[in-house]
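Asker: Taking the working numbering, the leading residue of the sequence shown gets 1, the next gets one more, and so forth. Every residue gets a Cβ at the ideal spot worked out from N, C-alpha and C, and that includes glycine.
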Amino acid sequence: TKQKNLQEEIIIQRSKLTDTQTLIKRFKNDLHECVQFIQEPKQLQDKLQVLYRKYVPNGVKKQELDTDIQKEYQRQKEYLDKSVESLRKKLAKDSEVHQQDNMRIMQENVSLIREINDLR
Numbered sequence: 001t002k003q004k005n006l007q008e009e010i011i012i013q014r015s016k017l018t019d020t021q022t023l024i025k026r027f028k029n030d031l032h033e034c035v036q037f038i039q040e041p042k043q044l045q046d047k048l049q050v051l052y053r054k055y056v057p058n059g060v061k062k063q064e065l066d067t068d069i070q071k072e073y074q075r076q077k078e079y080l081d082k083s084v085e086s087l088r089k090k091l092a093k094d095s096e097v098h099q100q101d102n103m104r105i106m107q108e109n110v111s112l113i114r115e116i117n118d119l120r
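1. Whether or not the region 9-23 and the region 32-39 are in contact is what I'm after, with contact meaning three or more pairs of Cβ atoms, one per stretch, closer than 8 Å; do they touch?
2. For the alpha helix (DSSP H) that contains Asp66, what are its first and last residues?
3. First and last residue of the alpha helix (DSSP H) that includes Asn29?
4. Determine the DSSP secondary structure at Asn102, reduced to helix, strand or coil.
5. State the start and end residues of the unbroken alpha helix (DSSP H) segment that holds Gln45.
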């Protein structure tokens, strides 16, 4: 009987393994399908939401979030915040330079128009 129980347990574990492998294959295929929309953010978001609803039907419990995942999320968020701030500063600087160039060109144009009028 002990041997029979162990064989039954082995069969159950193999079945679980096969089911899990099948689930992983399906997820990979669905994820690959989502990645096709990497250049279209709205469609990508829609596909990922469908994927989330399909594979996480009960949602994620707060306790399940690993601290490493939270740290990585925070690190990436800080990096993106810094990037956004840097890009804003660069935009402001570039806008100012562009405005100065336009003013310089307009002043040159005004002086050239005056010179043309003086020559007439």
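Answerer: If we stick to the structure as given:
1. no
2. Run containing Asp66: none; DSSP gives neither H nor E here.
3. 2-35
4. helix
5. 41-55
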